[in-house]
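Peer 1: I have a structure I would like to understand better, so I am pasting it below and will then ask my questions one at a time.
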Amino acid sequence: MKKNNEMLSAAEIREKRLGVLYKILPVISVLLLVALWLAASSSGTGFPSPIQVWDRTVQLFVKPVKKLSLIGHVGVSLRRIGLALLFDWTFGIAFGVLIGWFPRAKAFFGPLFNAFRAIPPLAWIPLITLWFGIGEFPKVLIVIFGSLASIVVNVQAGMSNVEKMYLDVGTVFNATPRQRLLKIAFPSALDAIFAGVRTSTSAAWMVVLAAEMLGANAGVGFLISRGMDSLDMPLVLTGMVAIGVVGAILAIVTQFAERMICPWTRRKKSY
Amino acid sequence: MENNDVKVRVEHLTKYFGDLHVLDDVSFDIKKGEFLCVVGPTGCGKTTFLNLLTRIYMPTKGDLYIDGQPADPKKHSISVVFQEPSSMPWLTVEKNLRFGLEIKKIPKDEMDRRVENIIKLLGLEEFRHNYPHQLSVSTAQRIIIGRAFAMQPDLLLMDEPYGQMDIKLRFYLEDEVIRLWKETGTTVVFITHNIEEAVYLAQRVLILTNKPAKIKEEVMIDLPRPRDVTSPEFIAIRNHITEQIKWW
């Protein structure tokens, strides 16, 4: 007889089983995808198998494309979004605070900003190319145009929905307008601001690939368009897998940063 | 001579919201260091009354004087314990206690001294670095009470701070407030709809009428502390106040 055969209610047993199930399900889904991929690639339509893609990936390290390995191309793309996000997280947050906290600023900038964010980033390409050519700066600019709105919108929402209760506490303690902004409104909006950080990161990652596909000689997006031009489908899939993996890592990193910087948003889990 | 120890004087306080007449010509004094309870039927304008005292609203007529001068949040210090939990979720317990003091720019060593004292009085040592959401509702509410007392306010207003709590916690926290009040000598106005709570806490109870609220009666309570809620004197006062609220 097992000693740890403790008494469990039906609900507890169910919960335990569900816990195991939740761990297994993601593994099953990945395995299913691979199986599906294998099946699709065996039908002889030129769709590469996982093994071919893996070989192509390894080959990319041995024989780089444009003197850059896969890591190098990922690095180039990351540098572009890094520069863009640096701008998003300084100017974008400041602008979001401005239009979220000061109704006059919102009345003044609101309509223009809404029009601006309705324009897809790729629509800017002709103008940006005309003005700035095809160097590094125009690509970063396209990424900024594609990711700025998501952080501004989130920051603005956080700053304009500060709970009245917290502001009342400030009124009672006779806080100055500056203290109301810096000690109450801004910290209370930090979780909304972080939501903006997360969405702007993923938006930037999407836009940089699109920008690179349209004319670049490095970056993951470039790898995909190069693969397309030379009918090198394994290279295309290598690029796609890299995009997925890096995107997932970025999401995890920003989530981790949020937990470090705003530990109070980790509700419930702390019990 | 008697006027000397009047801390707060409320004169002809009247408030309209548009056509809605909420408060009608309320006048009374609060002595320095007094514990005053305000009771009244639900929806009679208790919270409006409190928001007038804190200057979140301005009165339509009448005024509020602290130490003989019109109350001015710049000169006087008024603290409030709101009905809903109002601790800042992004600050730890200790930083929440410091919040008001930092707003008022109290010198650092004075701030440390007061905060340590409050932490000790409330027994919050083990929660010092926790965030409010990690605490029980009652502990979170104690932070607010501590934050208010740490200000050493001229006037401390409490708006049904124990509204959501069960009887056992209520008694525990009521004793705690009495202890803090005695230790600090703060002038307290405590608003509640719970008559037993008012009789347990107050030196004096103001009974408000239904809207527009006026003062119906003042009841002095000089029962010894800690008060026994089952003693005949206690029950007699409680019943009297209940009658007054029922029969406007």
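Chains W and V, in that order, are what the protein sequence lines are. So in the numbering used here the end of the first sequence lands on 276, straight run, no missing numbers. So in the numbering used here the end of the second sequence lands on 333, straight run, no missing numbers. Note that CB positions come from ideal geometry on N, CA and C, so glycine has one too. Here the structure is a predicted model, which means the values were calculated and not measured.
1. Go ahead and pull the three-state DSSP assignment for Q309/V.
2. Take every Cβ of the segment 258-268 of chain V, pair it with every Cβ of the segment 217-236 of chain V, and state whether three or more of those distances are shorter than 8 Å.
3. Cβ of A110/W less than 7 Å from any chain V Cβ?
4. Which runs of the alpha helix (DSSP H) spanning at least 4 residues fall entirely within the segment 248-287 of chain V, listed in chain order?
5. Under 7 Å between C-beta atoms, does A200/W make it to chain V?
6. I'd like to know whether the C-beta of N159/W is nearer than 7 Å to at least one C-beta of chain V.
7. How far does the alpha helix (DSSP H) with Y27/W in it reach, from first residue to last?
8. Could you say which of L242/W, V251/W and G101/W lies nearest to V63/W if we only look at CA atoms?
9. Determine the DSSP secondary structure at D104/V, reduced to helix, strand or coil.
10. Any heavy atom of the ligand SAM inside 6 Å of the beta-carbon of A120/W?
11. Could you please tell me which residues of the segment 167-186 of chain V, in chain order, have their CB closer than 7 Å to any CB of chain W?
12. Closest to E282/V by C-alpha separation, out of L98/V, I320/V, D148/V and N181/V, would be which residue?
13. With DSSP as the reference, label L121/V as helix, strand or coil.
14. Please check if any C-beta of chain W sits within less than 7 Å of the C-beta of Y62/V.
15. Name the chain V residues that come within less than 7 Å of Q260/W, Cβ to Cβ?
16. With a threshold of 8 Å on Cβ separation, who are the neighbours of G175/W within its own chain once the five nearest residues in sequence on each side are excluded?
17. What in chain V is Cβ-close to L195/W, meaning under 9 Å?
18. Please confirm whether M86/V has its beta-carbon closer than 7 Å to some beta-carbon of chain W.
19. Could you pull out every unbroken beta strand (DSSP E) segment of at least 3 residues lying fully inside the segment 180-267 of chain W, listed in chain order?
20. Give the secondary structure of H214/V by DSSP, where H, G and I count as helix, E and B as strand, and everything else as coil.
21. Using a beta-carbon distance cut-off of less than 8 Å, what residues from the segment 152-180 of chain W approach chain V?
22. Find the residues of chain V that neighbour Q184/W, judging by a C-beta separation of less than 8 Å, and give them in chain order.
23. On a CA-only basis, which of I326/V, L286/V and T139/V is nearest L293/V? Give me that one, please.
24. Let me know the secondary structure DSSP gives K274/W once reduced to three states.
25. Pick out whichever of Q260/W, F261/W, V148/W and D234/W has its Cα sitting closest to the Cα of S82/W.
26. What do you reckon, are the CB atoms on L214/W and G232/W nearer than 7 Å?
27. Less than 8 Å between the CB atoms is what I'm expecting for G105/W and G151/W, so what's the real figure, rounded?
28. If we cut at 7 Å on Cβ distances, does I115/V have a partner in chain W?
29. Give me whichever residues DSSP pairs with A298/V in a beta bridge.
30. Taking 7 Å as the threshold (C-beta atoms), are S155/W and A208/W in contact?
31. Are any of the Cβ atoms in chain W nearer than 7 Å to that of V165/V?
32. Hey, does W269/W have any beta-carbon neighbour from chain V nearer than 7 Å?
33. Answer yes if the segment 242-252 of chain W comes into contact with the segment 68-85 of chain W, meaning at least three C-beta pairs across the two stretches below 8 Å, and no otherwise.
34. So within the segment 81-119 of chain W, which uninterrupted alpha helix (DSSP H) runs reach at least 4 residues, ignoring any that extend past its ends?
Peer 2: Taking the geometry as given:
1. Position 224 of the second sequence, counted from the start, is the residue given in the question as residue 309/V. Just to set this straight, residue 309/V is Pro in the shown sequence, not Gln. The answer is coil: DSSP assigns P309/V none of H, G, I, E or B.
2. yes
3. Residue numbering aside, residue 110/W sits at position 105 when the first sequence is read from its first letter. It does not; no Cβ of chain V falls within 7 Å.
4. 252-269 and 280-286
5. Position 195 of the first sequence, counted from the start, is the residue given in the question as residue 200/W. So, not an interface residue.
6. Residue 159/W sits at position 154 when you count from the first residue of the first sequence. False, the Cβ-Cβ gap to chain V never drops below 7 Å.
7. Start at 1 with the first residue of the first sequence, and residue 27/W comes out as number 22. Segment A15 to S46, the alpha helix (DSSP H) holding Y27/W.
8. Within the first sequence, the letter at position 58 stands for residue 63/W. Nearest option by C-alpha distance: L242/W.
9. Position 19 of the second sequence, counted from the start, is the residue given in the question as residue 104/V. If DSSP states are grouped into helix, strand and coil, D104/V belongs with coil.
10. Because no ligand of any kind appears in the structure shown, any question about the ligand SAM cannot be addressed here.
11. F167, E169, S171, M173, P174, W175 and G185
12. Counted from its first residue, the second sequence places residue 282/V at position 197. Per the Cα distances, I320/V.
13. In the second sequence, residue 121/V corresponds to position 36, counting from 1. Strand, per DSSP.
14. Since the first residue of chain V shown is 86 and the last is 333, residue 62/V is not available in this structure.
15. Counting from 1 along the first sequence, the entry for residue 260/W is found at position 255. The contacting residues do not exist; Q260/W stays about 18 Å from chain V at best.
16. Position 170 of the first sequence holds residue 175/W. Excluding positions up to five away in sequence, the list reads Q184, R185, K188 and I189.
17. Start at 1 with the first residue of the first sequence, and residue 195/W comes out as number 190. Those within 9 Å of L195/W in chain V are W175.
18. Position 1 of the second sequence, counting from 1, holds the residue named residue 86/V. Its pLDDT being 36, under 50, M86/V is placed unreliably in this model, and the value from its coordinates should be taken loosely. No - not a single Cβ of chain W is within 7 Å of the one on M86/V.
19. none
20. Here residue 214/V corresponds to residue number 129 of the second sequence, with the count starting at 1. Three-state result, H214/V: coil.
21. M170, Y171, D173, V174, G175, T176, V177, F178, N179 and A180
22. Stepping through the first sequence from its first residue, residue 184/W is reached at position 179. The answer, in chain order, is I188.
23. Reading the second sequence from its first residue, position 208 is the one you call residue 293/V. Minimum Cα distance to L293/V is reached at I326/V.
24. The residue labelled residue 274/W in the question sits at position 269 within the first sequence. Model confidence at K274/W stands at a pLDDT of 40, short of 50, so the residue's coordinates are unreliable; what they give is reported in the following sentence. Three-state DSSP puts K274/W in coil, outside helix and strand.
25. Taking the first residue of the first sequence as 1, we reach residue 82/W at position 77. When each option's Cα is compared against that of S82/W, the closest is V148/W.
26. The count along the first sequence starts at 1 and reaches residue 214/W at position 209. The count along the first sequence starts at 1 and reaches residue 232/W at position 227. No. Outside cutoff.
27. Counted from its first residue, the first sequence places residue 105/W at position 100. Counted from its first residue, the first sequence places residue 151/W at position 146. Wrong, their Cβ atoms sit about 21 Å apart, outside the cutoff.
28. If you number the second sequence from 1, residue 115/V lands on position 30. False, the Cβ-Cβ gap to chain W never drops below 7 Å.
29. By one-based count along the second sequence, residue 298/V stands at place 213. In DSSP, A298/V forms a bridge with L108/V.
30. By 1-based counting over the first sequence, the position of residue 208/W is 203. By 1-based counting over the first sequence, the position of residue 155/W is 150. The answer is yes: Cβ separation under 7 Å.
31. For the purposes of this step, residue 165/V is taken as residue 80 along the second sequence, with counting starting at 1. It does; some Cβ of chain W falls within 7 Å.
32. Counting from one through the first sequence, the residue named residue 269/W turns up at place 264. It does; some Cβ of chain V falls within 7 Å.
33. yes
34. 98-106
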